[in-house]
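Worksheet: one structure, shown below.
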Amino acid sequence: MQIRSSLPYECHQVLHPWHKNCIPAAWMLTKPCFRESFKIYCVLYGVTALIKLRKIRTLKDFRKFLFGLVNDILQSTAFLGTHGLIFMPAYCAGRRILGGIN
């Protein structure tokens, strides 16, 4: 009895069927990952900014608030976009190291 069985599929059949190689397929997803994560975080932080906007009294506070908002959006976009970029090559590398998809 085999404890650990492996499915007979290659990673391009399961994870990235639009391109046979792993790295070019990951690069093809880079721009859409960053674009969509930017849209997600603009909406998310925009809604919370509208709620926090009532507490701002001076122009200095407003300027500080805007710079913080832009910083938070860009930082979160970088995180989610990088995660989307690195996930596929990491999965393919793990599959090659471990010998298959389980």
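Take 1 as the starting number for the sequence shown in UniProt numbering and just add one per residue. Idealized CB from N, CA, C, for every residue including glycine.
- Query: Do residue 73 and residue 42 come within 8 angstroms of each other at the CB atom, strictly closer than that value?
  - Reply: Position 42 of the sequence shown holds residue 42. Position 73 of the sequence shown holds residue 73. For residue 42 and residue 73, yes; Cβs fall inside 8 angstroms.
- Message: Between the alpha carbons of residue 91 and residue 26, how many angstroms are there, rounded?
- Response: Translated into the one-based positions of the sequence shown, residue 91 becomes position 91. Translated into the one-based positions of the sequence shown, residue 26 becomes position 26. Approximately 11 angstroms between the Cα atoms of the pair.
- Task: With DSSP collapsed to three states, give me the class of residue 99.
- Result: Here residue 99 refers to the residue found at position 99 when the sequence shown is read from its first residue. Here residue 99 sits in coil by DSSP.
- Query: Given that a residue counts as buried once 16 or more other Cβ atoms are within 10 Å of its Cβ, and exposed if not, what is residue 28?
  - Reply: Locating residue 28 in the sequence shown gives position 28, counting from the first residue. Per the 10 Å Cβ criterion, exposed.
- alpha helix (DSSP H) segment containing residue 18, residue limits: As a first step, residue 18 is located in the sequence shown; it is residue number 18 there, counting from the start. Segment: none, residue 18 is in no alpha helix (DSSP H) and carries neither H nor E.
- Is the stretch 78–97 in contact with the stretch 35–49, if contact means three or more CB pairs nearer than 8 angstroms? yes
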